[in-house]
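Some notes on the structure that comes next.
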Amino acid sequence: MTSPRVTGGVRAVAGRIGVYAALVAGALVTLVPFGLALLTSVTSARQFASGTPLSWPRPPVLTNYTDLAGAGFGRALAVTAVMTALITLGQLVFSVLAAYAFARLRFPGRDALFWVYLATLMVPATVTVVPLYLMMAQAGLRNTFWALVLPFVFGSPYAIFLLREHFRTIPAALINAARLDGANTLDVLTHVVVPASRGILVTLTLITVVSQWNNFMWPLVITSGAKWRVLTVATAGMQSQYNAQWTLVMAATTVAIAPLLALFVVFQRQVVRSIVVTGLK
Numbered sequence: 001m002t003s004p005r006v007t008g009g010v011r012a013v014a015g016r017i018g019v020y021a022a023l024v025a026g027a028l029v030t031l032v033p034f035g036l037a038l039l040t041s042v043t044s045a046r047q048f049a050s051g052t053p054l055s056w057p058r059p060p061v062l063t064n065y066t067d068l069a070g071a072g073f074g075r076a077l078a079v080t081a082v083m084t085a086l087i088t089l090g091q092l093v094f095s096v097l098a099a100y101a102f103a104r105l106r107f108p109g110r111d112a113l114f115w116v117y118l119a120t121l122m123v124p125a126t127v128t129v130v131p132l133y134l135m136m137a138q139a140g141l142r143n144t145f146w147a148l149v150l151p152f153v154f155g156s157p158y159a160i161f162l163l164r165e166h167f168r169t170i171p172a173a174l175i176n177a178a179r180l181d182g183a184n185t186l187d188v189l190t191h192v193v194v195p196a197s198r199g200i201l202v203t204l205t206l207i208t209v210v211s212q213w214n215n216f217m218w219p220l221v222i223t224s225g226a227k228w229r230v231l232t233v234a235t236a237g238m239q240s241q242y243n244a245q246w247t248l249v250m251a252a253t254t255v256a257i258a259p260l261l262a263l264f265v266v267f268q269r270q271v272v273r274s275i276v277v278t279g280l281k
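Each residue of the sequence shown is one higher than the last, beginning at 1 in full-length UniProt numbering.
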């Protein structure tokens, strides 16, 4: 007769195997499309047309990547990188300042103003496209680089909310000790609060970089022509410009994904730690 202890051990092992199998299956579902995109990007157009999407490239070629330069993809990459860097920097600076004011400073209407500002999170982004377009057009900024940047650079309601809640958890004793040493409000923010918030700032940086790097709707609406075209718009344009030459499109997609993947690999520990602490989903 099998003892209950042995039976329980077998069930525990079977349960773990089931969990690991589900995790592996989920990982494959997520990674296989990226793998197919990479394989397609190193496949010649003739071989791709004569084979199947699962055919192994023989031999692998890099002509699709060299053709991207002739398609103006290098400029789109540069525009996207500069745009993302400026928006990320601006959002972090303004969000930190606003969040600290809402968390630690006292002024009339502070809480009411915070909740009104937070309510903008409930407004779909598509609703604001037309008003923003009219504002940029009337300011003479349509089809310019600054039209890509200005609507997003002055902070983010989500970032302000998350930072405010984190700043409120910082012990008041640290802030009071800094004030006793003669620190002013800006000194407290830069030398006490910000260093104590590195994890969440890294997470917000990655979220902002990913969202702006992948932004499609606003750049498509506010710009025309190739001068200020971003990666997402350039990649989408290739599908019609080159009659859906998927090897070139997949090369562009791979180039667009690579910086984000590298960024996550470098900062994955900080991201995981911040997710655990903040409960970010």
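Every residue, glycine too, gets a C-beta built ideally from N, C-alpha and C. Keep in mind that this is a model prediction, so the values were computed, not measured.
Item checked: Asn176, DSSP secondary structure in three states -> Counting from one through the sequence shown, the residue named residue 176 turns up at place 176. Asn176: helix per DSSP, three-state reduction.
Next item on the list: Can you say whether Met217 is buried or exposed, counting buried as having 16 or more other CB atoms within 10 angstroms of its CB?
Entry: Here residue 217 is taken as the residue at index 217 of the sequence shown, counted from 1. Result: exposed.
Checklist line | Own chain, CB closer than 7 Å to Tyr100, minus 5 neighbours either side, in chain order | finding: In the sequence shown, residue 100 corresponds to position 100, counting from 1. The answer, listed in chain order, is Phe167, Leu189, Val193.
Margin query: Determine whether the beta carbon atoms of Ala256 and Thr235 lie at a separation below 9 Å.
Written below: For the purposes of this step, residue 256 is taken as the residue at position 256 of the sequence shown. For the purposes of this step, residue 235 is taken as the residue at position 235 of the sequence shown. Going by C-beta atoms, Ala256 is nearer than 9 Å to Thr235.
Next item on the list: Measure the C-alpha to C-alpha separation of Lys281 and Ser197 and round it to an integer number of angstroms.
Entry: The count along the sequence shown starts at 1 and reaches residue 281 at position 281. The count along the sequence shown starts at 1 and reaches residue 197 at position 197. Residue placement at Lys281 is flagged as unreliable, the pLDDT there being 42, under the threshold of 50; a coordinate-derived value is accordingly withheld.
Note to self: I'd like the list of long-range same chain contacts for residue 285, defined as Cβ closer than 8 Å, with 5 residues on each side in sequence excluded.
What the structure shows: Outside the modelled stretch of the chain, which goes from 1 to 281, sits residue 285, for which no answer is possible.
Check: Where Met1 and Ala12 are concerned, what is the direct C-alpha to C-alpha distance, given to the nearest angstrom?
Finding: Start at 1 with the first residue of the sequence shown, and residue 1 comes out as number 1. Start at 1 with the first residue of the sequence shown, and residue 12 comes out as number 12. Below a pLDDT of 50, predicted positions are generally treated as unreliable, and Met1, at 49, falls in that range; the measurement from the model is reported next regardless. Cα to Cα, Met1 sits roughly 19 Å from Ala12.
Checklist line | Candidates Ser44, Ala27, Gly18: closest to Ala246 by CA position | finding: If you number the sequence shown from 1, residue 246 lands on position 246. The residue you asked about is not Ala; residue 246 is Trp in the sequence shown. For the residues Ser44, Ala27, Gly18, the minimum Cα distance to Trp246 belongs to Ser44.
Note to self: Quick check on DSSP: helix, strand or coil for Met1?
What the structure shows: Working through the sequence shown from its first residue, we reach residue 1 at position 1. For Met1, the predicted structure reports a pLDDT of 49, less than 50, and the residue's modelled location is therefore unreliable. A value from the coordinates is still provided. It is coil, neither helix nor strand.
Checklist line | Beta-carbon separation (whole angstroms), Ser41 vs Thr254, contact threshold 8 Å | finding: Here residue 41 corresponds to residue number 41 of the sequence shown, with the count starting at 1. Here residue 254 corresponds to residue number 254 of the sequence shown, with the count starting at 1. Confirmed, Cβ separation roughly 5 Å.
Next item on the list: Can you tell me the Cβ-Cβ gap for Trp228 and Val123, rounded? I've got them flagged as a contact below 8 Å.
Entry: By one-based count along the sequence shown, residue 228 stands at place 228. By one-based count along the sequence shown, residue 123 stands at place 123. Trp228 to Val123, Cβ: 26 Å. No contact.
Item checked: Under the three-state DSSP convention, the category Pro124 falls into -> By 1-based counting over the sequence shown, the position of residue 124 is 124. Pro124: coil per DSSP, three-state reduction.
Check: Should Ser50 be labelled buried (16 or more other beta-carbon atoms within 10 Å of its own) or exposed?
Finding: The sequence position of residue 50 within the sequence shown is 50, counting from 1. Ser50 is exposed by the Cβ-count criterion.
Checklist line | Own chain residues within Cβ distance below 7 Å of Met136, not counting five before or after | finding: Position 136 of the sequence shown, counted from the first residue, corresponds to residue 136. Hits under 7 Å: Arg142, Ala147, Ile222.
Notebook entry, point to check: Does the distance from the CB of Gln91 to the CB of Thr232 come in under 9 Å?
Noted result: Looking up residue 91 in the sequence shown gives position 91. Looking up residue 232 in the sequence shown gives position 232. No.
Check: With a CB to CB cut of under 8 Å and the five nearest residues on each side skipped, what residues in its chain are close to Leu121?
Finding: The sequence position of residue 121 within the sequence shown is 121, counting from 1. Contacts found: Pro157, Tyr158, Phe161.
Notebook entry, point to check: Counting along the chain, where does the alpha helix (DSSP H) carrying residue 282 start and finish?
Noted result: Missing from the structure shown is residue 282; the chain here goes from 1 to 281 and no further.
Margin query: Please state the DSSP three-state secondary structure of Gln239.
Written below: Taking the first residue of the sequence shown as position 1, residue 239 is located at position 239. Helix, per DSSP.
Item checked: For Phe154 and Arg58, the rounded distance between their alpha carbons -> Taking the sequence shown and counting its residues from 1, the one referred to as residue 58 is at position 58. Taking the sequence shown and counting its residues from 1, the one referred to as residue 154 is at position 154. Distance between the alpha carbons of Arg58 and Phe154 is about 50 Å.
Checklist line | As assigned by DSSP and simplified to three states, the class of Pro219 | finding: Here the question's residue 219 lines up with position 219 in the sequence shown. Correct three-state label for Pro219: helix.
Margin query: For Val96 and Arg110, what's the separation of their Cα atoms in angstroms?
Written below: Taking the sequence shown and counting its residues from 1, the one referred to as residue 96 is at position 96. Taking the sequence shown and counting its residues from 1, the one referred to as residue 110 is at position 110. One C-alpha to the other measures close to 16 Å.
Next item on the list: Return the Cβ separation of Ala251 and Leu68 in integer angstroms, given the expectation that the two are a contact with Cβ distance under 8 Å.
Entry: Position 251 of the sequence shown, counted from the first residue, corresponds to residue 251. Position 68 of the sequence shown, counted from the first residue, corresponds to residue 68. Right, the Cβ-Cβ distance comes to about 6 Å (below 8 Å), so this counts as a contact.
Item checked: Beta carbon of Phe145 nearer than 9 Å to that of Val93 -> If you number the sequence shown from 1, residue 145 lands on position 145. If you number the sequence shown from 1, residue 93 lands on position 93. For Phe145 and Val93, no; Cβs fall outside 9 Å.
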